[in-house]
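For reference, the structure is listed below as structure tokens.
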DNA sequence: CATGAATGAGCGTTCATTCAT
DNA sequence: GATGAATGAACGCTCATTCAT
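Shown next, in the form of structure tokens:
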């Protein structure tokens, strides 16, 4: 009310060693928690606990729960999208796509929490990254769809919808991160889970299911 | 079926018409809410509002939030798994599998909330249906894996891991329900979304991506 | 975020007996607390305690601290301004003004908390009622200033600024409510405080301080 | 003087120039903040910001919020009461009293924050300066009341209660500082506000309202 | 059956104060 | 002297649940 009351007491813009450390500690803990419970289902206390830090101290670094969430999303997004940017229009189509699938699978294995973080966000309607999806991601994906379409036009790939091909790859690879609770319950050989998945994916995508 | 979840007797005698009606109204509202926000992110008040009912009355029918959640899960699970049970060992393998894919895609289109409900639950570690996954679902899936393996052994299908084939189909079809917030942002032709998806899926699964 | 989450569970618009009672109980307690500590210095817990009610129940009747505050202000304002509206242009000027002074003094005695509530609000910059002051109060006061000016023009009152005369009366009468902590410390005869004040005020206003 | 408030020794030896400077900086900032929001409504962070100083450093000079508050009160009180001490028993009664009124009005104009500081404190029951009011201020006021009473006894002033005359002067003059938020809203000619007030006050106090 | 009223526990956030450097 | 970092206690408010009618 009335004029704004200026009383924020936050870390300065200079980034000291301890500050960078703690911010990273928080981001890591927050990824852990948010990826499991989603934004609304997570509590600041959980994150603070997970970071072995008091709530008050955590909020000294990030003023609100929302800011933590956005920071985690931002931190994770670039890593998560990196493989897509790597698709090389000059490369061999099959090689490029297969490299993409493998990279996404590897990411699902190495950083499943990042996948779950986005899964939760998108599942709940993408309230925070909706705008990003509509602008930056859309541009990136569109560009790659054009590349794929050119490959198809050159007869190097079977005629499919490039967009749905991408959806398809996302779904198939991220599934192992997002729904690992389920795959773990249904699979015996969890040791070789990702290898088996990779092998099966290769067959399906490149050979199809029915012997020719 | 799927009794592993609530372990409750269906109310036998003493279940009036209005009771059944109201329980259904609650289940519907709860599916709406839980599928969007997940268990912890949803509130009883939201569900009560969505069911045009007072919180107190809602809790007369289901004593706790957890009970509502479990009931929705149970109610929805059987519908969601039904297509899988329909795979006919006596049928033509390609036809059977394609019928399954189509049925799952149709369900994703007609009842995306059910898909999101499970997605949320599993994404968050399947805290409630973990036991169900480990027992009933596992049995069902194992049985179908055996069928598929037989088809492979008979040379009617390319050699793939049946389990991963199923994961693959789940991922590819449910993706359009679970992540519709994203697909909507990236697609122009949302009208024909599911038709395009179906067509692309068919090509990929049965022809593969590279022209032979 | 995203679409508004509707989950308010508030008393209906129908005003039951218990509801009216409790609202009144809260308003009374809130006047007590706000008049002493001001808006920012008061806590919901204090008000709840003062109303012998749990915080949660209090917030069942008034959704926010601000709403309570505004309700108390509104409830109190009309009573507080009532004497001013009573000044009768047709009456005898001295009688009318003296009646006003007496009424304000009586109100200071009977309801000092109301006076302190406004005093705190205005002292802190009138963040909530600033708009009211600039519009409704200004109109009311302007109208009365015109009346007083006419009396002056008719030679029935000494030439003074009507506006400042009103400020003067407000100050002198409300002082006994607003600063009673001080007057109590400095006065022995607190019994006859208001009578003495009235007598002195009458002399000062109508006779002046220096014997003629 | 006014030692009843903090009961602290002025730092003797060991008080560097920078210390004194910073203490003053803090006092100034604290007056700014406390006078607007009152004790409980003000925060240490606000004061630190206003003093362009870190909270920790501020609390190096004054160990607690309460100490700051008491120091501001003490610092300000003497200035605020100074005019009253100036009333000269040997002078002409009307002149002396009018000089007092003018001095108080001038102070209201030049240092309204001091007035608001006390207003907030007294309004909230004088929790900190209650003792001072009951002892030192009471003595000072009593002495002046005796003087005024003598003037009355000598027939130099109309018979009024000296104490209430003083209250009256306090109220009328401090009103323009304490409730400036209101006077600003109701007055057009804010330029000449204090001149108009002074003129009206002079008329009222010395001539009375009704033409003789 | 149905609901308005009530609450303890917990939520995200702020605050006065302390500590280490 | 000065400050960034840290925290327990409390704040305004929400939530799942209970109670009385």
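Residue numbers (my numbering), protein chains in the order written: chain A, 1 to 212; chain B, 1001 to 1212; chain C, 2001 to 2212; chain D, 3001 to 3212.
Glycine included, each C-beta is placed from N, C-alpha and C at the ideal position.
Rounded to whole angstroms, the separation of the alpha carbons of residue 30 of chain A and residue 1137 of chain B is 32 angstroms. Unbroken beta strand (DSSP E) stretches of 3 residues or longer found wholly inside the stretch 3120–3208 of chain D: none. The beta carbons of residue 3040 of chain D and residue 2037 of chain C sit about 6 angstroms from each other, so the pair counts as a contact at 8 angstroms. Taking the Cα of residue 32 of chain A as reference, the smallest distance to any Cα among A:197, A:112 and A:60 is reached at A:112. Proximity to residue 3089 of chain D across D:3182, D:3102, D:3177 and D:3149 peaks at D:3149, based on C-alpha coordinates. Listed along chain C are 2186 and 2187, each with a C-beta nearer than 7 angstroms to that of residue 3163 of chain D. Within the stretch 107–125 of chain A, the residues whose Cβ lies closer than 9 angstroms to any Cβ of chain B are, in chain order, 116, 118, 119, 120, 121, 122, 123, 124 and 125. Distances from the CA of residue 3118 of chain D to each of D:3192, D:3076, D:3065 and D:3015 were compared; the closest alpha carbon is that of D:3076. At least one C-beta of chain A is nearer than 7 angstroms to the C-beta of residue 1211 of chain B.
Taking 7 angstroms as the cut-off, the Cβ atoms of residue 129 of chain A and residue 72 of chain A do not count as close. Per DSSP, residue 2086 of chain C is not a residue of any alpha helix (DSSP H), being assigned neither H nor E. For residue 47 of chain A, the uninterrupted alpha helix (DSSP H) segment begins and ends at 44–50. Listed along the chain, the chain C residues whose CB falls inside 9 angstroms of the CB of residue 3168 of chain D are 2171, 2172, 2175, 2197, 2200, 2201 and 2204.
Your pair residue 3170 of chain D and residue 3114 of chain D does not check out as a contact, with CB atoms roughly 13 angstroms apart and the cut at 8 angstroms. Only exposed fits residue 1020 of chain B, as fewer than 16 other CB atoms lie within 10 angstroms of its CB.
One alpha carbon belongs to residue 3203 of chain D, the other to residue 3209 of chain D, and they sit about 7 angstroms apart. A Cβ of chain D is located within less than 7 angstroms of the beta carbon of residue 2160 of chain C. In this structure, DSSP gives residue 3017 of chain D a helical state, which the three-state scheme calls helix.
Residue 3147 of chain D does not reach chain C, its nearest Cβ partner there being about 14 angstroms away, counting only Cβ pairs nearer than 9 angstroms.
Inter-residue distance for residue 104 of chain A and residue 2063 of chain C is about 48 angstroms (C-alpha atoms, whole angstroms).
The CB of residue 33 of chain A never comes closer than 7 angstroms to any CB in chain B; the least such distance is about 11 angstroms. Contact of residue 36 of chain A with chain B is assigned, a C-beta pair being separated by under 7 angstroms. Residue 3057 of chain D sits in a helix when the DSSP states are folded into three classes. By the criterion of at least three beta-carbon pairs nearer than 8 angstroms, the stretch 178–195 of chain A is not in contact with the stretch 1189–1198 of chain B. Here the C-alpha atom of residue 47 of chain A lies approximately 12 angstroms from the C-alpha atom of residue 56 of chain A. Residue-level contact by beta carbon fails for residue 1131 of chain B and chain A, as no gap is shorter than 7 angstroms. Taking the Cα positions, residue 3180 of chain D is about 8 angstroms away from residue 2123 of chain C. Think of a sphere of 9 angstroms around the beta carbon of residue 3141 of chain D: the chain C residues whose beta carbon falls inside it are 2186, in chain order. Taking 7 angstroms as the CB threshold, residue 49 of chain A stays off the interface with chain B.
The straight-line gap separating the alpha-carbon atoms of residue 1154 of chain B and residue 120 of chain A is approximately 41 angstroms. For residue 97 of chain A, the enclosing alpha helix (DSSP H) begins and ends at 93–110.
In the structure shown, the three-state DSSP call for residue 2012 of chain C is coil. A residue is called buried once 16 or more other Cβ atoms fall within 10 Å of its Cβ, and residue 2015 of chain C, having fewer, is exposed. One thing to note: residue 1175 of chain B has its Cβ no nearer than 7 angstroms to the Cβ of residue 200 of chain A. DSSP places residue 72 of chain A within a helical segment (H, G or I) once states are collapsed to three.
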